[in-house]
Every structure is written in C-alpha cells, then in structure tokens.
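Asker: Quick one: structure below, then a few questions.
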Amino acid sequence: MQKLIYLFTYWFLLTTFFVSCGTSNTQAVEEEDLNSLREAFAADFTIGTAISAPQIMGEDAKAAALIATEFNSLTPENVMKWMHIHPRPEEYDFELPDKLLELAQAQDKELIAHTLVWHSQLAPWVNEISDSTELAELLAKHINTIVGRYKGKVAGWDVVNEALNEDGTLRETIFLNLLGKDYLPTAFKLAAAVDPDTELYYNDYNLCQPEKRAGCVQLVKDIQAAGAKIDGVGIQAHWNLSGPPLEEIEASILAYHALGVKVMFTELDIGVLPNPWDLDGANVNQDFENSEFMNPYPQILPDAVQTQLADRYEGVFKLFLKHSDKISRVTFWGVHDGHSWLNNWPINGRTNYPLLFDENYQKKEAYHRVMALKESIEH
Ligand code: XIL
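Using our numbering, you'd call the opening residue of the sequence shown number 577 and step up by one each time.
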C-alpha cells in the first residue's frame, strides 16, 4: 500500500510538471510572439492592408492602431489610381500618396503602389483620346512621372490591373483598342526603366477560375517573351464563403509559380452576402437593388455564419501556409468590416462582414482561427 501511494504521488507530480510546462509554453507563444498577424506570419509572407484616404490622413485613431500593430505592408485603396493622382493632363495630386509613404516609412512597412494602368477609375479626359501616338506618349509620361517620384521607395507596383475578360481574352479597353496588346509589355518596360529595383505585378480578380487562369498564364508569358520584367501575379481574392474552391486556388498558386514569378493575394476579403450574379438570369437586374433578401444581416452577423466565415478563412490560410514558399504577400482589402468597399458593391448600402476585424475594430472568430494556425504550429 505504502508503495502504491508512493507510485501515485510520483505519477501525479510528473504529470503536473509536464502539464504546467505545456501551459507556460502556450502562454509564452501567445503573449510574446503572436500579438499580431504580421508577427504570426513573419516567416511566411507579409501581411498587408488597403488604406483609405481618411485612414491616410489619420482621421480614424482606432483604425490607425490596428494598421500600426497588425500589418507590415500598405496599399492605397484609391489615392494612387489615375483619376486621383493624375486628374488633369498637366496636374498630378501627390498629397495623399506622399502622406501614405510617410506613414509606411515611419512604421517601417512596405508600400505597394496601386495602380498604373487600369480602365476603371481612369481620369475622364483620358477616355477622350482617340489618337494612338497621343495615348502612347501619355502612358509613358504617366508612368515616368509617378514611378519616378517614388523611385526607390515603393516595394512593388501593380503595373496593369484587370486586363483580362472572364474567358481569358484581353479586355477591350482604351489601351488595347488604341495601342494593341503590346501595351502590356510596354507598361512593364517603362516602369522597370524608371525604377529597376521595384517589383512589378500583374493584378486581377477571378484569377483562380480555370479559363481566366489560362489567360493570365499566357499574358505573363507574353510579357516575358517581349523581354519585359514581371515579378509577380496579384490574385485579388475577392471571394465568398463557398468559392473559389481551395483546389482551384491551389492550382492557381502552382500555375503562376511555374512561370517563375511570385504569387500574392492582393485584395483579400470574403463576402458573406448573396451575390446577384449567382441568381437566375431574369432576376439579375432587379436584384442589384437593395432588399431584405440581398441584405440579410443589417445589424449583426449570426453566430453560425460567423463560424462559417472562420472556417473559410482557416481553410484559405492553411493553404497559404502550405505554399508559403511561393506566396510573398497576403493583403486584406480594408482594415475592418465597417469600412469595407463590399458594403457598397455590387449593391449600395448593405452590411457585409468580409474582414478579420469587425465594425467595432474587434478581432473576429476568423482572426483567432487564422492566428491559431500558427500557435498550433509553434507547438
Ligand atoms: C475599390 C475601392 O475599394 C473602392 O473604394 C472604390 O470605390 C472602387 O475600387 N479591384 C481593385 C481595387 O483593383 O482597386 C478596387 O477597389 C476593388 C476591385
């Protein structure tokens, strides 16, 4: 009996010792190492966010605190787009881009500049041009001026944005119509000539869909074959709870990596609201209107959907970690739900919940699940 008690005490002391070691290790990892997304994924990829004009101007102190703590890469949500940065032929507006650069430098974060050549949010006067020489000269001037101003200070440029149709063919834009498909390598060559050290990307949405992926692979090959430098493909990643499937995301990471370029997820958000394009044909136009059906969670996201969102984010980040050797950056399109562009697109005035921080700047279940991936790996 004496012996049994002795053995039991020994076993008890031993287990208590190991359990308490385990607990203190967990605490150490959580408290010291994993205080933010950028720290948790530091060995894997940079973690970025898109910053709006009010956030650049520091008008939102709570957003500023999250930006400072959680992210190590910043992209301007709008202020470097053509209509803002080059609003009239002889007029550039560098005020907010300069402020953003200051913010990035002060906090030792990289600046990703978005975007040089895009048919959308183009200054209206550009669309009036009908002469190809005039447009070619303008494109060169635009790129030289803007890339030149930020030479040596920008980690990477989205040189061309959204040049592809859904079937993988080139989208008809003023650039394609007047300059032909050479406008793509030309834009990359112009940017590289001004700032040889900055990275240059092609950026688009739906790049995980097979037809568009094939188009993007061809587009990158054509740019490379023309002797232009291209460093990466930016997969925008405006996704939803069910799509695109993880298999297609993985196939895309592999396909773009095989071209010898970096893969990045540049505008990640996961919408939880009905998508008008998923509904049946005849309803589509009608459903672009706001309605109770299209805006089901105006006050609060039900727990079950919150968990679905967390599951989806966990699945996506597990895949990102599996291919972290190929992925250089993951950027969220916005800081918190309250400010997401998805509250007003494709339908105005809805309440969406696509990010890791809620409208009160609090960490969501999805945030904790993404962080837990690293906590469990550390052990
Ligand atoms: C969006 C901004 O978030 C909105 O504020 C703006 O009104 C429209 O553009 N693809 C892109 C981004 O490359 O620049 C877009 O940003 C979202 C889709």
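A virtual CB, placed ideally from N, CA and C, is assigned to each residue, including glycine.
By a C-beta neighbour count over all protein chains shown, 10 Å radius and 16 as the cutoff for buried, is I876 buried or exposed?
Answerer: The residue is exposed, with fewer than 16 neighbouring Cβ atoms inside 10 Å.
Asker: When the distance is taken between beta carbons, is L650 closer than 8 Å to G634?
Answerer: Against a cut-off of 8 Å, the Cβ pair of L650 and G634 comes out as no contact.
Asker: Under a three-way DSSP split, which group does G598 fall into?
Answerer: In this prediction, G598 scores a pLDDT of 37, lower than 50, which makes its location untrustworthy; the coordinate-derived value is nonetheless stated afterwards. Of the three classes helix, strand and coil, the one that applies to G598 here is helix, per DSSP.
Asker: Between the beta-carbon of L1011 and the beta-carbon of A763, is there less than 8 Å?
Answerer: Lying outside 577 to 955, the shown extent of the chain, residue 1011 is not represented and no answer is given.
Asker: Compare the beta carbon distance of R747 and H695 with 8 Å and say whether it is the shorter of the two.
Answerer: Closer than 8 Å, so yes.
Asker: Using a Cβ-Cβ cut-off of 8 Å (strictly less than) and excluding sequence neighbours within five positions of W701, which residues of its own chain qualify?
Answerer: The residues are R664 and P665.
Asker: Examine ligand 1 and report whether any of its heavy atoms sits within less than 7 Å of the Cβ of N782.
Answerer: No, the beta carbon of N782 sits no closer than 7 Å to any heavy atom of ligand 1.
Asker: Cβ-heavy atom distance between Q812 and ligand 1 below 7 Å?
Answerer: Correct: Q812 has its Cβ closer than 7 Å to ligand 1.
Asker: Evaluate contact between the stretch 822-834 and the stretch 797-804, counting only Cβ atoms and requiring at least three cross-stretch pairs below 8 Å.
Answerer: Flag = no, the stretch 822-834 and the stretch 797-804 do not touch.
Asker: Looking only at its own chain, which residues have a Cβ that is under 6 Å from the Cβ of M840, when we skip the five neighbours before and after it?
Answerer: G808, G810, S904 and R905, listed in sequence order.
Asker: Which value, in whole angstroms, describes the spacing of the CA atoms of Q884 and I722?
Answerer: If you take the alpha carbons of Q884 and I722, they lie about 42 Å apart.
Asker: CB I688 to CB G732, shorter than 8 Å?
Answerer: The answer is yes: Cβ separation under 8 Å.
Asker: On the three-state DSSP scale, how would you describe T774?
Answerer: Of the three classes helix, strand and coil, the one that applies to T774 here is coil, per DSSP.
Asker: Sort out for me which residues DSSP pairs G808 with in a bridge.
Answerer: Note: G808 sits in a beta bridge opposite Y777 and K838.
Asker: Can you tell which of E742, L822, K675 and T927 has its C-alpha closest to the C-alpha of F869?
Answerer: It is T927 whose Cα lies nearest to the Cα of F869.
Asker: Beta carbon of N741: closer than 7 Å to some heavy atom of ligand 1?
Answerer: No, Cβ of N741 sits at least 7 Å from all heavy atoms of ligand 1.
Asker: Do M659 and A699 have their CB atoms nearer than 8 Å?
Answerer: Yes.
Asker: Check whether the Cβ of W815 sits closer than 7 Å to any heavy atom of ligand 1, and report yes or no.
Answerer: Result no, Cβ not under 7 Å from ligand 1.
Asker: Could you tell me whether the Cβ atoms of E890 and V946 are closer together than 8 Å?
Answerer: Cβ distance < 8 Å, so E890 and V946 count as in contact.
Asker: So, using beta-carbon positions, are P852 and I923 closer together than 8 Å?
Answerer: Yes.
Asker: Can you list, in chain order, the residues of its chain whose CB lies under 7 Å from that of R725, leaving out five sequence neighbours each side?
Answerer: Excluding positions up to five away in sequence, the list reads F670.
Asker: G624 lies in the beta strand (DSSP E); which residues open and close that run?
Answerer: Looking at the DSSP string, the run of the beta strand (DSSP E) that includes G624 is T622 to I627.
Asker: Suppose only complete runs of 4+ residues qualify. What are the alpha helix (DSSP H) ranges in the stretch 655-725, listed by chain order?
Answerer: Listed in chain order, they are 658-661, 671-682 and 708-725.
Asker: Label T645 either buried or exposed according to how many other C-beta atoms from any shown protein chain fall within 10 Å of its C-beta, with 16 as the threshold for buried.
Answerer: Result: exposed.
Asker: Roughly how many angstroms separate the alpha carbons of I806 and D773, rounded to a whole number?
Answerer: Rounded to whole angstroms, I806 to D773 spans 12 Å at the Cα level.
Asker: Are the stretch 912-920 and the stretch 831-839 in contact at 8 Å, needing three or more beta carbon pairs?
Answerer: Counting Cβ pairs under 8 Å, fewer than three are found: no touch.
Asker: Within the same chain, show all residues whose beta-carbon is closer than 8 Å to that of E606, passing over the 5 residues directly before and after it, in chain order.
Answerer: A caution first: E606 carries a pLDDT of 45, below 50, which makes its placement in the model unreliable, though a value can still be read off. Result list for E606: E951, in chain order.
Asker: Here's the rule: buried if 16 or more other CB atoms are within 10 angstroms of the residue's CB, otherwise exposed. What is L583?
Answerer: Low confidence applies here, because L583 scores a pLDDT of 39, under 50, leaving its location unreliable; read the following figure in that light. So L583 counts as exposed.
Asker: Determine the contact status of E742 and E787, defining contact as a CB-CB distance below 8 Å.
Answerer: Yes. Within cutoff.
Asker: If Y777 sits next to D734, beta carbons under 8 Å apart, how far is it from one beta carbon to the other, in whole angstroms?
Answerer: With 8 Å as the limit, Y777 and D734 qualify as a contact, their Cβ atoms being about 5 Å apart.
Asker: Can you list, in chain order, the residues of its chain whose CB lies under 8 Å from that of K757, leaving out five sequence neighbours each side?
Answerer: Contacts found: L746 and D798.
Asker: Report the three-state DSSP secondary structure of I533 (helix, strand or coil).
Answerer: No information on residue 533 is available, as it lies outside the stretch 577 to 955 that the chain covers here.
Asker: Quick one: using the 10 Å Cβ neighbour count with 16 as the cut-off for buried, is A680 buried or exposed?
Answerer: Buried is the call here.
Asker: Can you tell me where the beta strand (DSSP E) with L650 in it begins and where it stops?
Answerer: Per DSSP, L650 belongs to the beta strand (DSSP E) from S649 to P652.
Asker: Is it buried or exposed for L849, if we count other Cβ within 10 angstroms and need 16 for buried?
Answerer: Buried, by the Cβ-count rule.
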